[in-house]
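Positions in the sequence shown are counted from 1; adding 1 to them yields our numbering. Data first, discussion second: the structure below is written as structure tokens.
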Amino acid sequence: MRGAGGTPGGIGMFLLGLFITAVGAYMFLSRVDVTLHRWYLWGYDAHGAILIAFALGLGILFFNARNVAGWILTLGSLAVVVLSIVVNLDFYFRPTNLPTTLLMIGSIGIGLGLVFRSFRSAPG
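In structure tokens:
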């Protein structure tokens, strides 16, 4: 029977490493806060201008669905809205005591070490 990575044995070590990595990653990511800050253009909130372009593009498309400018305005403004949301995300690591932080990062390292070790052929 083939194990992890097509090598003989190692499936138990692989599953244990995967579990430890998942627990460590969950513990680490649960301490991260994600917030969104405002997007300003020349001192003003710029989301309204993008929504005006989106509404104009939709109006053009409802008048003539084959109009290329309408499609460019609609899809382009949607892309800018999604991009502006992603670009304006801020990630903060909540204050955590040192032993907990070492446990989280150590669990990820130990788990990944077991996963990669399971890909090697078992001795014997």
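The C-beta atom is built at its ideal place from N, Cα and C for all residues, glycine as well.
Assumed close pair residue i, residue j - CB separation to whole angstroms, cut-off 8 Å
i, j, result
"V33", "F94", "6 Å"
"T22", "I106", "Wrong, their Cβ atoms sit about 11 Å apart, outside the cutoff."
"L79", "F63", "That pair is no contact at about 16 Å."
Spatially closest choice to residue i from the options, by CA coordinates
i, options, result
"L99", "F20, F15, V87 and F29", "F29"
"V82", "R39, L17, T97 and G114", "R39"
"L84", "G18, G11, L37 and L17", "L37"
"L57", "N89, I73 and F117", "I73"
Euclidean distance between Cα positions of residue i and residue j
i, j, result
"Y27", "I86", "24 Å"
"A50", "T102", "43 Å"
"S122", "T97", "39 Å"
"D91", "L113", "27 Å"
"L59", "H48", "17 Å"
"L52", "N89", "17 Å"
Those residues which DSSP pairs with residue i across a bridge
i, result
"T36", "D91"
"Y27", "Paired residues: none, contrary to the question."
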